[in-house]
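There are 2 protein chains.
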Amino acid sequence: MNDEPKLARRGRRPRDAAGGARVVNYRNLRNPFTPQRVFSDDQIQSIHETSLRVLEELGLRVLLPEARARFKQAGALVDESANMVRIGREIVERALLTPPRAFTVRGGAPERDAFFALGTLAFQPCGGPPHATDIARGRRPATIADFTDAVKLIQHYDVIHMHAANVEAQDLPIHLRHYATMRAQTLWSDKPPFVYARGNPQTMDGFAMLRIARGLTWEQFKADAWCTTVINTNSPRQIDIPMAQGLIDFALYGQPCVVTPFCLMGAMAPVTVAGALTLSHAEAMGAITLNQLANPGAPVFYGAFASNVDMKSGAPAFGTPEEVKCNIASGQLARLIGLPWRCAAATAANVNDAQAAHETEMSCWGAVLAGCSLIMHAAGWLEGGLTLSFEKFITDIDMLNTFAELCHATPATDADLAFEALKEVQPGGHFFGAAHTMERYQTAFYEPVVADWSNFGTWTERGSRDATSRAHDIYRRVVDEAKPVPLDPARVEELEAYVAKRTEEGGAPPVS
Amino acid sequence: MNDEPKLARRGRRPRDAAGGARVVNYRNLRNPFTPQRVFSDDQIQSIHETSLRVLEELGLRVLLPEARARFKQAGALVDESANMVRIGREIVERALLTPPRAFTVRGGAPERDAFFALGTLAFQPCGGPPHATDIARGRRPATIADFTDAVKLIQHYDVIHMHAANVEAQDLPIHLRHYATMRAQTLWSDKPPFVYARGNPQTMDGFAMLRIARGLTWEQFKADAWCTTVINTNSPRQIDIPMAQGLIDFALYGQPCVVTPFCLMGAMAPVTVAGALTLSHAEAMGAITLNQLANPGAPVFYGAFASNVDMKSGAPAFGTPEEVKCNIASGQLARLIGLPWRCAAATAANVNDAQAAHETEMSCWGAVLAGCSLIMHAAGWLEGGLTLSFEKFITDIDMLNTFAELCHATPATDADLAFEALKEVQPGGHFFGAAHTMERYQTAFYEPVVADWSNFGTWTERGSRDATSRAHDIYRRVVDEAKPVPLDPARVEELEAYVAKRTEEGGAPPVS
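Those protein sequence lines, which keep their order, are chains A and B. Note that numbering that gives the first Met the number 0 has the first sequence beginning at 0, numbered continuously upward. Note that numbering that gives the first Met the number 0 has the second sequence beginning at 0, numbered continuously upward.
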């Protein structure tokens, strides 16, 4: 943490006439920590070699014929009767050489661009739950209104760098749902949206709507990364039709896939950390290979999301020591590959309590210490991903802002060392009125979003409200005060016309 | 984390007839992480040099005449009219050479011994609050019953390595209180106790009772470390009478002081991280110097506990980015000195909620990544140290156990990499019944104390209980099932006789 980050600089203004509020820059963060290790370099090399053996000798089941054809053309051994693809290491090693080591996912405004490489740090919120919850309305099947509320929160907090799948808008039919989610992401936010890979027609709808919102030709769209999607393998060793199609389509249009085997040790992965990562790494390399065979040089994220299950019940567990170890070791494998990569912060708690905060923070620290470039599910994830909690979204922001603050250099000039102030204040005195303090106090410290530091008496007088209760008010205020992003009315009109036309044509059911 | 720790080895047994419960060793942990940095080596050297200037040019106010005399004898410039002591750097530098770089604080049984050096990791719980709270009885002035409950919890959890000051037993008069707290610590636990430094008579009572409980002669007692105390300076730049007396008495009896300036940036310390640490480091070095002048070679902990205040209200804040930075930078200064050192995990929350867990975990990670040897207040601390929460004590155990698990090496043999298991399980299948899983599942994963991983339906059926509610039951069970440690009845009789005699003599009021 001793070097001034090259990308992130604290944008503190000198005090101005308005009183000098603290201004910080939480965009394009650079991870300040030395990446940690769980395994020795030799052990990591063994895992890598064994993963290559898995691809070569055991193979992947790939359900999409076009994907098998691409693998076959590259020299892989394909058994069409079993949909099995065995991929020689030379094919994998060649494919791993072609993706860019660094790329920018572009937003609707230059300050929304997110730069990715090993060493950068970005956060995505909770992605994909079927439910939403808040303490006023309780837990419910999620709706497009919940999805849009999440978009507004994402837009509001600088420490959230890109959209995620947020929630499933279950009040909309699935062949039309993606129009509404793309509409919400482009009208209420200028951050890079999330586009689901649920078959070619939905993907193309997503790209088309984003191209319109950003005012781009198709050539301009393809020339840069403008969105992301998540590609989950079906562990163990399977890539299904929409995921394989996504790996191909996103590559062909130059948009980055976030390749993420989701490996729960003891369930869909071996019960050991080393075994789970051998599988996860093999699947990630196999998926990246397909992606690069479709379009060598397409931007792509390596990824890992491994944790364990409760062996008594089979229930997924998160924030465990085993997950922290998986996160850190995944970073070692990612550095071997050299690509920006994603990991996750997660919890299995059912309510936004001490367990939820503990598990989320443990796994998030694991990802940060792993040198992860993109930490997903970092705000609002509850119940192992089955619910988005709007209050947890807000309490998690204090955690993420803290990480962002830690990315900024700490001044240590002679004036900061404060010898003169130490001389000024007598033994047993205090620094409240010292000149050194007066010059700095307005911008010295992080101001939390939710934390309440008042004493017990004051806190009790104010209603003894816990963090979740306070977070609820903040969530409501941010959502209620949100405004659509300024967008050329012609683009809005074109977007609406596109949705109307595609709806009339019958929309686009997911392909599986 | 790639090296098998030399001190901590996972004591997993092979499965036995009883079903092979997981056995772990959370004692004598070795920190697995690379210590992080906030400042460059040059900046740390500047802070160190400036701290030496503070001691030499500005000096400390030292309220105990005996302490000033010892400083004077060593060559310091003493102004008796102002109680000021200016300490030349050669005195400080000489004193810093004499304490042992490694020592063991001994318990009542060999497995309770706690070894300390740079690189080891140990936890002490909440120390010193005037209040206790649990959700059944609410917040109240703490009593000796609360103190004893804390002792039972400390004894129960292996990841707590030593006693802390726990709570103030306000139901007992202060001239007799220490007899009851020493009695509780020695009858209900064989871990190293905490002895308050509140003047020579109380200190000597504490040593005497511990000597009796451990069955030692005074020579044997002095030859090893058997307890600890905390020495807080009165920042800025003052050492009061009981603290100075403690630094001398503990040194003379070979017992380690935990030297801890408590520096809140903007209040009793400069508003900058670098300035606060300049002060904290100066005070720590000054106190260690007095300690070593009294008895060169006495074991002593370096220490730091620095955070910021809310500049709007002056309220102490914890778990902030500034505290994390202070913790990490304090580790850099501790490594310069070369002594085992203490830091803290802390929160300003008023209830055991998401804020409490977040702030505690942030500061604890800061201390862990700083390479801290002794993390205090690591379980149960609430309200910035004004209350011990019994439920938070329990929820914090899951955090501490997770850190302890991370100290253990992760196996990566060929069998752990699980190629054969990956071959056995078909694509899209699962590993629940795989031989590889069956051989390992009973001991594969950490089993949490409080975390509930059941799904929302089951959790709701069970009463929708949050972590705090579940922790309450665990706290009650542990306390209710606690048993006194086996102690030679002759020693118990001698202890009781000592207390009776000293009580009859009028006890020992604190000296200040």
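Cβ atoms here follow ideal geometry from the backbone N, Cα and C, with glycine treated the same way. Since this is a predicted model, take the numbers as computed values, not measurements.
For residue i, tell me which candidate among the options has the shortest Cα-Cα distance.
i        : options                                   : result
B/Ala73  : B/Leu399, B/Gly274, B/His376 and B/Leu289 : B/Leu289
B/Ile327 : B/Trp364, B/Tyr301 and B/Lys311           : B/Trp364
A/Asn529 : A/Thr202, A/Ala131 and A/Glu423           : An answer regarding residue 529 of chain A cannot be provided, because it is not within the stretch 0 to 511 covered by chain A.
B/Asp189 : B/Ile393, B/Ala243, B/Gly214 and B/Ala507 : B/Gly214
A/Glu167 : A/Met161, A/Thr97, A/Arg176 and A/His160  : A/Arg176
A/Pro255 : A/Ala378, A/Ile393, A/Leu373 and A/Gln354 : A/Leu373
A/Arg210 : A/Gly505, A/Glu503 and A/Val491           : A/Val491
A/Pro483 : A/Thr259, A/Pro320, A/Ala183 and A/Ala275 : A/Ala183
B/Ile238 : A/Pro191, A/Pro98, A/Gly427 and A/Asn400  : A/Gly427
A/Phe249 : A/Arg236, A/Val272, A/Asn24 and A/Asp223  : A/Asp223
B/His471 : B/Glu504, B/Ile393, B/Arg52 and B/Val299  : B/Ile393
B/Ala369 : B/Thr412, B/Asp40, B/Arg52 and B/Val323   : B/Val323
B/Thr577 : A/Arg52, A/Ala496 and A/Ser312            : Outside the modelled stretch of chain B, which goes from 0 to 511, sits residue 577 of chain B, for which no answer is possible.
A/Glu282 : A/Val53, A/Arg464 and A/Glu79             : A/Val53
A/Gly253 : A/Gly274, A/Glu390, A/Ile240 and A/Phe300 : A/Phe300
A/Leu575 : A/Trp380, A/Phe206, A/Cys371 and A/Pro109 : Past the edges of chain A, shown from 0 to 511, lies residue 575 of chain A, and the structure says nothing about it.
Do we get a CB-CB distance below 8 angstroms when we pair residue i with the residues of chain B?
i        : result
A/Thr227 : no
A/Tyr440 : yes
A/Trp458 : yes
A/Leu344 : The sequence as given places Ala at residue 344 of chain A; Leu does not occur at that position. No, its Cβ sits nowhere closer than 8 angstroms to a Cβ of chain B.
A/Lys190 : no
A/Val53  : yes
A/Arg501 : no
A/Gln42  : yes
A/Ile230 : no
A/Lys324 : yes
A/Thr119 : no
A/Leu278 : yes
A/Leu387 : no
A/Tyr497 : no
Verify the CB distance criterion: does residue i have a CB-CB separation below 8 angstroms to chain A?
i        : result
B/Glu282 : no
B/His435 : yes
B/Ala17  : Confidence in B/Ala17 is poor, its pLDDT being 39 and thus under 50, which makes the residue's placement unreliable; the coordinate value appears in the next sentence. With 8 angstroms as the cut-off, B/Ala17 does not count as an interface residue toward chain A.
B/Gln237 : yes
B/Ala420 : yes
B/Gln169 : no
B/Met361 : yes
B/Phe254 : A quick correction: the sequence has Gln, not Phe, at residue 254 of chain B. No - not a single Cβ of chain A is within 8 angstroms of the one on B/Gln254.
B/Tyr25  : no
Got a sec? Which residues, its chain only, sit under 8 angstroms from residue i by beta carbon, not counting five neighbours each side?
i        : result
A/Ala69  : The sequence shown places Arg at residue 69 of chain A, not Ala. Answer for A/Arg69: Ile247, Leu289, Leu292 and Ala293, listed in chain order.
A/Asp397 : Pro447, Val448, Val449 and Ala450
A/Ala430 : Checking the displayed sequence, the identity of residue 430 of chain A turns out to be Phe instead of Ala. Contacts found: Ala420, Val424 and Thr436.
B/Gln35  : Ile327, Gly330, Leu368 and Ala369
Are there any heavy atoms of the ligand MN lying less than 7 angstroms away from the beta-carbon of residue i, as far as the coordinates show?
i       : result
B/Thr97 : Within the structure as shown, the ligand MN is missing, as the structure has no ligands at all.
Give every residue of the same chain whose Cβ lies closer than 6 angstroms to the Cβ of residue i, excluding the five residues on either side of it in the sequence, and list them in chain order.
i        : result
B/Asp112 : Thr103, Arg105 and Gly106
B/Gly337 : Arg100
A/Pro200 : Ala507
B/Leu486 : none
B/Gly58  : Met83, Val84 and Arg85
A/Pro260 : Thr232, Ser234, Ser279, Glu282 and Ala283
In chain order, what residues of the same chain have a beta carbon less than 7 angstroms from the beta carbon of residue i, not counting five sequence neighbours either side?
i        : result
B/Met375 : Gln123, Gly126, Ala163, Arg341 and Ala343
B/Ala179 : Ile143, Ala168 and Leu171
A/Phe317 : Ser306, Ala345, Thr346, Ala347, Glu358, Ser362 and Gly383
B/Pro129 : Pro140, Ala141, Glu167, Gln169 and Leu385
B/Gly245 : Ala196, Thr202, Thr228, Ile230 and Cys256
B/Val158 : Tyr25, Phe122, Ile396, Leu399, Asn400 and Ala403
Quick test of the definition: if touching needs 3 or more C-beta pairs under 8 angstroms, does the stretch 88-100 of chain B touch the stretch 263-277 of chain B?
no
Exercise. Are the stretch 224-231 of chain A and the stretch 193-201 of chain A in contact at 8 angstroms, needing three or more beta carbon pairs?
Worked result: yes
Any chance you could list the alpha helix (DSSP H) runs of at least 4 consecutive residues sitting entirely within the stretch 343-396 of chain A, in chain order? 353-368
>> List, from N- to C-terminal side, the beta strand (DSSP E) runs of 3 residues or more that fit wholly inside the stretch 222-251 of chain A.
In response: 228-230
- Task: Jot down the residue ranges of each uninterrupted alpha helix (DSSP H) in the stretch 403-480 of chain A, minimum 4 residues, whole runs only, in chain order.
- Result: 413-416, 418-423, 434-437, 455-460 and 466-480
Can you give, in chain order, each stretch of the alpha helix (DSSP H) that sits fully within the stretch 149-225 of chain A and has at least 4 residues? 176-186, 199-213 and 217-222
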